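Have a look at the structure below before the remarks.
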Amino acid sequence: MVAVRAAEKVSAATGRVLDRLKSVAIIGRPFSRSTAERWLALHNTLAQDENFIEIALVNGQGAELVKVSRKQIFKSSDLGDLSNQELFEQLKNKHNHIEPIQIDEVSEQPSLRIAVPITNIAGDLEGGLIAKVSLKFV
Numbered sequence: 146m147v148a149v150r151a152a153e154k155v156s157a158a159t160g161r162v163l164d165r166l167k168s169v170a171i172i173g174r175p176f177s178r179s180t181a182e183r184w185l186a187l188h189n190t191l192a193q194d195e196n197f198i199e200i201a202l203v204n205g206q207g208a209e210l211v212k213v214s215r216k217q218i219f220k221s222s223d224l225g226d227l228s229n230q231e232l233f234e235q236l237k238n239k240h241n242h243i244e245p246i247q248i249d250e251v252s253e254q255p256s257l258r259i260a261v262p263i264t265n266i267a268g269d270l271e272g273g274l275i276a277k278v279s280l281k282f283v
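Quick note: the sequence shown uses the working numbering, first residue 146, plus one each step.
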């Protein structure tokens, strides 16, 4: 019974995160903004929800354009290429992606990564938002 309640809480939290990321993608239109504006939008999203650990914006080729975190500051040289990851394959197919729960080696807290695709008005993929989410508060 405890496991069922825990699964329900994780499912509800995951749904809230998906909704939040979709809102940022639709309302924020990050691909029509400057790098500074993108950073600010992601930073504000991070600040508004204590469950977010980090958030990244990737382009349609899987390159990280901007990444913000509660734990560190990312420079442009820290940004990576996610094009070979399953997560990006799901984004290319315009599907949300939710990874299995992981336990952080340092904090020993549960977390997972969630990704949502971002499309333009014609429905073409522009990129995606990827968030690492803490389940500590769930």
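Don't be surprised by glycine CBs; every beta carbon is placed ideally from N, CA and C.
Since we're looking at a predicted model, the values are computed, not measured.
Problem set entry | DSSP beta-bridge partners of H242 | A260, per the DSSP bridge assignment.
For this session: Answer yes or no: does any C-beta atom of chain E fall closer than 8 Å to that of L210?
Result: Of the protein chains in the structure, only one exists, and it is not chain E.
Problem set entry | Assumed close pair T159, I243 - CB separation to whole angstroms, cut-off 8 Å | The beta carbons of T159 and I243 sit about 6 Å from each other, so the pair counts as a contact at 8 Å.
Exercise. Hey, which unbroken runs of the alpha helix (DSSP H) at 4 residues or more fall wholly within the stretch 173-260?
Worked result: Here the runs fully enclosed are 180-193 and 231-237.
Problem set entry | Residues bridged to A276 [DSSP beta-bridge criterion] | Paired residue(s): I200 and I259.
Exercise. Of the residues E253, E195, S221 and G268, which one's Cα is nearest the Cα of W184?
Worked result: Residue S221 is the option with its Cα nearest to W184.
For this session: Quickly, what does DSSP pair L166 with across the bridge? List them, please.
Result: None; L166 has no bridge partner.
Problem set entry | Cα-Cα separation between L232 and A260, rounded to whole angstroms | Roughly 7 Å between the two C-alpha positions.
For this session: Run the CB neighbour count on I198, radius 10 Å, all protein chains shown included, and call it buried at 16 or more, exposed below.
Result: The Cβ neighbour count for I198, taken over all protein chains shown within 10 Å, is at least 16; the residue is labelled buried.
For this session: Could you check the C-alpha separation between A152 and E253 for me, to the nearest Å?
Result: In a straight line, the C-alpha of A152 is about 19 Å away from that of E253.
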